[in-house]
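Asker: Residue numbers (the working numbering): 2 to 167.
Quick reminder that beta carbons are idealized off the backbone N, C-alpha and C, glycines included.
For clarity, every value in this text was computed on a predicted model and none was experimentally measured.
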């Protein structure tokens, strides 16, 4: 099958009689009307690929690629501060917030890397309550942030090792 490109259109030419009078029959074949030759099967031309709008997941990936390590670190610490303030406000003890944040400032990032910010905030507040002599159960803090008391226990155990070294 021969194709000729003229003025942004493609024309099918019969290779035997050189006629451009080609039709597409009901069987999906190109047939020359002059000589009756079957020129070929239905030709599907490549189409221009339209740019699809970004899906929500793709937009999220593009956003995350723009993030730098510094902005991620800043945002993580802001989340921890937010949750510490929330717990202290719910307990009615602003002094716990101050002590917990001072402990958080002294921690190396590698100590809490990979931890959920809610769990870290809860552990910091629990440790601050111990320092100030305020008695509170881990379960009370866990209920405020919808986390497990066991994750608070594990994080407190890990943090105590690193806070004691400083």
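(1) My understanding is that residue 80 touches residue 118, with C-beta atoms under 8 Å, so please give their C-beta distance in whole angstroms.
(2) To the nearest angstrom, how far is it from the Cα of residue 158 to the Cα of residue 150?
(3) Buried or exposed for residue 24, please, with buried defined as at least 16 other CB atoms from any protein chain shown within 10 angstroms of its CB.
(4) How would you label residue 83, buried or exposed, when you count the other beta carbons within 10 angstroms and need 16 or more for buried?
(5) Applying the 10 Å Cβ sphere with the 16-neighbour rule, what's the burial state of residue 100?
(6) Does the Cβ-Cβ distance between residue 137 and residue 143 come in under 8 Å?
(7) What does the Cβ neighbour count give for residue 19, buried or exposed, with the cut at 16 atoms within 10 Å?
(8) Rounding to the nearest angstrom, what Cα-Cα distance links residue 13 and residue 36 in this structure?
(9) So if DSSP puts residue 33 in a beta bridge, which residue, or which two residues, is it bridged to?
Answerer: The structure says:
(1) 4 Å
(2) Taking the straight line from one Cα to the other gives about 12 Å.
(3) exposed
(4) exposed
(5) Its Cβ being crowded by 16 or more others within 10 Å, residue 100 is buried.
(6) Note that the C-beta distance between residue 137 and residue 143 is not below 8 Å.
(7) exposed
(8) Here the C-alpha atom of residue 13 lies approximately 14 Å from the C-alpha atom of residue 36.
(9) 23
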